[in-house]
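For the sequence shown, the numbering used here begins at 68 and goes up steadily by one.
Think of the CB as a built atom: it goes at the ideal place given N, C-alpha and C, for glycine as much as any other residue.
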Amino acid sequence: MPLLGPACFAWSRHAAELAVPVSRALERWEDTPTTARMVADGYLVRLLPGIYVPPDVVGTAVGRALAVGSALGTSLRPHHVLAGVTAAWVVLGGTAPVQVELISTAHRGPIAGTIQRGARVAMDEVETVGGAPLTIPDRTAMDLLRFSPDAERLAAVSRLIAAGHASPEGIRRRLEAITHHPGSRSAQEAMDRACALVPAHDAGRGTRAA
(Lines of atoms letter the chains of each structure in order from A; the text may use other names.)
(Lines give C-alpha, C1' and ligand atoms only; values in the text may rest on other atoms or scores of the structure.)
Protein backbone atom coordinates (compact mmCIF):
# COMPACT_ATOMS: atom_id res chain seq x y z
CA MET A 68 0.00 0.00 0.00
CA PRO A 69 1.23 3.57 -0.62
CA LEU A 70 3.13 5.24 2.21
CA LEU A 71 1.86 8.81 2.44
CA GLY A 72 3.00 11.64 4.66
CA PRO A 73 5.22 14.71 4.80
CA ALA A 74 8.30 14.34 2.66
CA CYS A 75 11.57 16.28 2.70
CA PHE A 76 10.12 19.46 4.29
CA ALA A 77 12.96 19.36 6.80
CA TRP A 78 15.48 19.90 4.01
CA SER A 79 13.83 22.64 1.98
CA ARG A 80 10.59 23.78 0.39
CA HIS A 81 12.11 23.01 -3.00
CA ALA A 82 12.83 19.42 -1.94
CA ALA A 83 9.33 19.07 -0.51
CA GLU A 84 7.70 20.23 -3.72
CA LEU A 85 9.76 17.89 -5.88
CA ALA A 86 9.24 15.01 -3.46
CA VAL A 87 5.44 14.91 -3.72
CA PRO A 88 5.24 12.31 -6.52
CA VAL A 89 8.20 10.41 -5.06
CA SER A 90 6.60 10.11 -1.63
CA ARG A 91 3.33 8.94 -3.17
CA ALA A 92 5.20 6.10 -4.87
CA LEU A 93 6.66 4.73 -1.63
CA GLU A 94 5.18 1.43 -0.50
CA ARG A 95 5.25 -0.63 2.67
CA TRP A 96 6.12 -4.28 2.25
CA GLU A 97 7.23 -6.80 4.82
CA ASP A 98 10.92 -7.70 4.58
CA THR A 99 10.51 -11.33 3.53
CA PRO A 100 12.26 -13.69 1.12
CA THR A 101 9.54 -12.84 -1.37
CA THR A 102 10.25 -9.12 -1.32
CA ALA A 103 13.99 -9.84 -1.38
CA ARG A 104 13.40 -11.80 -4.58
CA MET A 105 11.37 -8.91 -6.03
CA VAL A 106 14.30 -6.60 -5.29
CA ALA A 107 16.77 -9.03 -6.86
CA ASP A 108 14.55 -9.34 -9.94
CA GLY A 109 14.33 -5.56 -10.32
CA TYR A 110 10.66 -5.08 -9.42
CA LEU A 111 11.28 -3.12 -6.21
CA VAL A 112 14.03 -1.02 -4.63
CA ARG A 113 14.45 -1.26 -0.87
CA LEU A 114 15.20 2.08 0.81
CA LEU A 115 14.73 1.32 4.52
CA PRO A 116 13.33 -1.64 6.47
CA GLY A 117 9.82 -2.23 5.16
CA ILE A 118 9.92 0.75 2.76
CA TYR A 119 10.21 0.17 -0.97
CA VAL A 120 9.75 2.06 -4.21
CA PRO A 121 9.33 1.04 -7.88
CA PRO A 122 12.68 1.26 -9.71
CA ASP A 123 11.55 3.91 -12.20
CA VAL A 124 11.15 6.39 -9.33
CA VAL A 125 14.89 6.21 -8.58
CA GLY A 126 16.06 6.41 -12.17
CA THR A 127 17.66 9.84 -11.68
CA ALA A 128 19.91 11.42 -9.06
CA VAL A 129 17.08 13.73 -7.97
CA GLY A 130 14.71 10.79 -7.64
CA ARG A 131 17.20 8.81 -5.57
CA ALA A 132 17.97 11.69 -3.20
CA LEU A 133 14.32 12.55 -2.64
CA ALA A 134 13.34 8.89 -2.28
CA VAL A 135 15.76 8.57 0.65
CA GLY A 136 14.43 11.74 2.28
CA SER A 137 10.85 10.64 1.71
CA ALA A 138 11.53 7.21 3.19
CA LEU A 139 12.98 8.84 6.33
CA GLY A 140 9.68 10.70 6.68
CA THR A 141 9.24 12.48 10.01
CA SER A 142 12.65 11.19 11.17
CA LEU A 143 14.36 13.49 8.66
CA ARG A 144 16.08 16.50 10.21
CA PRO A 145 17.49 19.67 8.59
CA HIS A 146 21.00 18.66 9.69
CA HIS A 147 20.90 15.26 7.95
CA VAL A 148 23.31 15.17 5.01
CA LEU A 149 23.38 12.15 2.72
CA ALA A 150 26.88 10.68 2.83
CA GLY A 151 29.05 7.66 2.13
CA VAL A 152 27.37 4.81 0.28
CA THR A 153 24.09 6.73 0.04
CA ALA A 154 25.67 9.84 -1.49
CA ALA A 155 27.56 7.61 -3.93
CA TRP A 156 24.32 5.84 -4.89
CA VAL A 157 22.57 9.16 -5.49
CA VAL A 158 25.31 10.20 -7.90
CA LEU A 159 26.04 6.86 -9.57
CA GLY A 160 22.81 4.86 -9.38
CA GLY A 161 23.01 1.08 -9.44
CA THR A 162 22.03 -1.10 -6.50
CA ALA A 163 20.64 0.78 -3.50
CA PRO A 164 22.75 0.40 -0.34
CA VAL A 165 21.52 -1.86 2.44
CA GLN A 166 21.54 1.06 4.92
CA VAL A 167 21.09 4.80 4.51
CA GLU A 168 24.22 6.69 5.54
CA LEU A 169 23.88 10.15 7.06
CA ILE A 170 26.24 12.74 8.50
CA SER A 171 24.86 14.94 11.23
CA THR A 172 26.38 17.72 13.30
CA ALA A 173 23.59 17.53 15.87
CA HIS A 174 22.20 14.93 18.27
CA ARG A 175 21.59 11.66 16.45
CA GLY A 176 18.50 9.78 17.52
CA PRO A 177 18.33 6.17 16.31
CA ILE A 178 16.62 5.58 12.97
CA ALA A 179 16.11 2.00 11.83
CA GLY A 180 18.07 1.11 8.73
CA THR A 181 20.49 4.03 8.94
CA ILE A 182 24.13 4.63 9.79
CA GLN A 183 24.59 8.06 11.34
CA ARG A 184 27.99 9.62 11.89
CA GLY A 185 28.72 12.78 13.78
CA ALA A 186 31.16 14.91 11.81
CA ARG A 187 31.86 18.43 10.70
CA VAL A 188 31.13 19.11 7.07
CA ALA A 189 32.32 22.37 5.51
CA MET A 190 29.84 24.31 3.43
CA ASP A 191 31.90 23.70 0.30
CA GLU A 192 31.72 19.95 0.94
CA VAL A 193 27.94 19.85 0.55
CA GLU A 194 25.91 20.18 -2.63
CA THR A 195 22.19 19.88 -3.21
CA VAL A 196 20.37 17.58 -5.60
CA GLY A 197 16.72 18.45 -5.93
CA GLY A 198 17.01 20.42 -2.69
CA ALA A 199 18.46 17.43 -0.82
CA PRO A 200 21.94 17.93 0.73
CA LEU A 201 24.68 15.41 0.13
CA THR A 202 28.45 15.41 0.41
CA ILE A 203 30.34 16.34 -2.76
CA PRO A 204 31.97 13.34 -4.49
CA ASP A 205 35.53 13.99 -3.24
CA ARG A 206 34.29 14.12 0.37
CA THR A 207 32.04 11.13 -0.27
CA ALA A 208 35.04 9.17 -1.54
CA MET A 209 37.13 10.12 1.49
CA ASP A 210 34.40 8.94 3.87
CA LEU A 211 33.94 5.71 1.93
CA LEU A 212 37.67 5.02 2.16
CA ARG A 213 37.67 5.65 5.90
CA PHE A 214 34.52 3.92 7.04
CA SER A 215 33.18 1.39 4.51
CA PRO A 216 34.16 -2.27 4.02
CA ASP A 217 36.79 -2.98 1.38
CA ALA A 218 34.61 -4.35 -1.40
CA GLU A 219 32.12 -1.52 -0.99
CA ARG A 220 34.61 1.34 -0.81
CA LEU A 221 36.88 0.19 -3.62
CA ALA A 222 34.02 -0.29 -6.06
CA ALA A 223 32.29 3.00 -5.23
CA VAL A 224 35.42 5.16 -5.21
CA SER A 225 36.72 3.71 -8.47
CA ARG A 226 33.31 4.35 -10.08
CA LEU A 227 33.21 7.95 -8.81
CA ILE A 228 36.62 8.55 -10.36
CA ALA A 229 35.91 6.71 -13.60
CA ALA A 230 32.66 8.65 -14.10
CA GLY A 231 34.46 11.96 -13.62
CA HIS A 232 32.60 12.93 -10.46
CA ALA A 233 35.62 12.76 -8.13
CA SER A 234 39.28 13.46 -8.76
CA PRO A 235 42.16 11.39 -7.35
CA GLU A 236 44.02 14.59 -6.52
CA GLY A 237 41.08 16.05 -4.62
CA ILE A 238 40.53 12.86 -2.65
CA ARG A 239 44.23 12.55 -1.78
CA ARG A 240 44.38 16.15 -0.58
CA ARG A 241 41.52 15.46 1.79
CA LEU A 242 43.18 12.29 3.06
CA GLU A 243 46.46 14.13 3.62
CA ALA A 244 44.62 16.70 5.73
CA ILE A 245 43.42 14.01 8.16
CA THR A 246 46.62 12.01 8.59
CA HIS A 247 46.19 11.97 12.38
CA HIS A 248 42.55 10.84 12.30
CA PRO A 249 41.44 7.24 12.89
CA GLY A 250 41.36 5.19 9.69
CA SER A 251 43.49 7.59 7.65
CA ARG A 252 46.33 5.11 6.98
CA SER A 253 43.92 2.38 5.88
CA ALA A 254 42.07 4.92 3.73
CA GLN A 255 45.24 5.96 1.92
CA GLU A 256 46.14 2.34 1.21
CA ALA A 257 42.61 1.69 -0.05
CA MET A 258 42.85 4.76 -2.28
CA ASP A 259 45.79 3.21 -4.12
CA ARG A 260 43.80 0.03 -4.67
CA ALA A 261 40.69 1.94 -5.80
CA CYS A 262 42.73 3.89 -8.35
CA ALA A 263 44.14 0.62 -9.69
CA LEU A 264 40.57 -0.44 -10.53
CA VAL A 265 39.92 2.65 -12.69
CA PRO A 266 40.35 1.94 -16.41
CA ALA A 267 43.43 3.75 -17.72
CA HIS A 268 41.45 5.97 -20.10
CA ASP A 269 39.24 7.14 -17.21
CA ALA A 270 41.94 7.73 -14.60
CA GLY A 271 42.34 11.41 -15.43
CA ARG A 272 38.68 12.29 -15.85
CA GLY A 273 38.06 13.78 -12.40
CA THR A 274 36.42 17.16 -12.97
CA ARG A 275 35.53 18.36 -9.49
CA ALA A 276 37.71 20.82 -7.67
CA ALA A 277 38.72 19.89 -4.15
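Item, Value
"Contact the region 198-213 vs the region 148-165: 3+ CB pairs below 8 Å", "yes"
"Cross-strand partners of Gln-183 (DSSP beta bridge)", "Leu-169"
"Val-188 to Thr-172 span [Cα, whole Å]", "8 Å"
"Inter-residue spacing [alpha-carbon to alpha-carbon] between Val-224 and Thr-99", "31 Å"
"Proximity to Gly-198 [Cα-Cα], best of Pro-145, Val-125, Trp-96 and Val-124", "Pro-145"
"Those runs of the beta strand (DSSP E) which lie wholly inside the region 125-170 and span at least 3 residues", "none"
"Assigned secondary structure, Glu-84 (DSSP; H/G/I helix, E/B strand, else coil)", "helix"
"Where the beta strand (DSSP E) containing Ala-199 begins and where it ends", "199-202"
"Residue range of the beta strand (DSSP E) that includes Thr-195", "193-196"
"Alpha carbon of Ile-228 to alpha carbon of Arg-260, nearest angstrom", "13 Å"
"heavy atom of the ligand MG below 7 Å from Leu-149 C-beta", "The ligand MG is not part of the structure shown, which contains no ligands of any sort."
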